[in-house]
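S.K.: When the letters of the sequence shown are read in order and numbered with mature numbering (1 follows the signal peptide of the UniProt record, and there is no 0), they come out as residues -28 to -1, 1 to 138.
First, the structure itself, so that you have it in front of you.
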Amino acid sequence: MALTSLSLATHLLLAFATLLAFTDAGNASDCNTTVHNDPKVTWQTTKCCPPGPLFSKANDTLFMNYNGTFLNGTLFDSSYSPQKPWPAGDPFHFTLGAKQVVAGFDAGLYNMCPGEIRSLKIAPEFAYGTKGTSDGAIPPNSTLAFSVELMAIRNAAKRVRLHNRN
């Protein structure tokens, strides 16, 4: 029985590399579709991490695209919106854990890697609470849903890992 023109060692090496790719040993993110319940946010990975060593942690700057909706599906915010103070489609960025976004959004983005997509469901007390937003765009006691794609991470060591969509 011939193994084609590749040597047995090459076939074994390819099999081992394939096994590593599927097991993604050492991946800090729980890259499956299990629903995770944190006191601040319920989140679920909808697109798993590609293999790599970089995962989001406190004080990292995260670059992401997102859509924010109410539970009825009505869009209230999007990084793709032309009304944003940055070019439409350019990633939104903030420092994880620095209280620059609502608490539930912050809590749902730890241990992500570039290329991962998560769905977040944030209870009112960890979003805009009983007051809503001052402009009325988000009413009081609103539960918020986000679809977030992490595009890049810049950490304290200034390492940057980008996700290429192609």
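Where a beta carbon is used, it is the ideal one built from N, C-alpha and C, also for glycine.
1. Which parts of the stretch 25 to 60 are runs of the beta strand (DSSP E), unbroken and 3 residues or longer, counting only runs that do not cross its ends?
2. Give the DSSP bridge partners of F118, in chain order.
3. Quick check: the Cα distance between R126 and V74, rounded to an integer number of angstroms?
4. Put A70 into one of helix, strand or coil per three-state DSSP.
5. Starting from A75, trace the alpha helix (DSSP H) in both directions and tell me its first and last residue.
6. Would I89 and T18 qualify as a contact pair, given that the criterion is a beta-carbon distance under 7 Å?
7. Are the beta-carbon atoms of E13 and L92 separated by less than 7 Å?
8. Roughly how many whole angstroms lie between the Cα atoms of S53 and K71?
9. Is it buried or exposed, L68, if we count other Cβ atoms within 10 angstroms and call 16 or more buried?
10. Can you tell me the Cβ-Cβ gap for P86 and A30, rounded? I've got them flagged as a contact below 8 Å.
11. In angstroms, rounded to a whole number, what distance separates the CA positions of Y100 and N113?
12. So F64 packs on M36, CB below 8 Å; how close in whole Å?
13. Excluding the 5 residues preceding and the 5 following Y38 in the sequence, name in chain order all residues of the same chain whose CB lies nearer than 6 Å to its CB.
M.R.: Working from what's here:
1. 33 to 42 and 47 to 50
2. G40 and L92
3. 20 Å
4. Judged by DSSP in its simplified three-state form, A70 adopts coil rather than helix or strand.
5. A75 to A79
6. By the CB criterion at 7 Å, I89 and T18 fall inside the cutoff.
7. The displayed chain sequence assigns Val, not Glu, to residue 13. Against a cut-off of 7 Å, the Cβ pair of L92 and V13 comes out as a contact.
8. 23 Å
9. So L68 ends up on the buried side.
10. With a Cβ gap of about 17 Å, P86 and A30 do not count as contacting.
11. 7 Å
12. 6 Å
13. S51, F118 and V120
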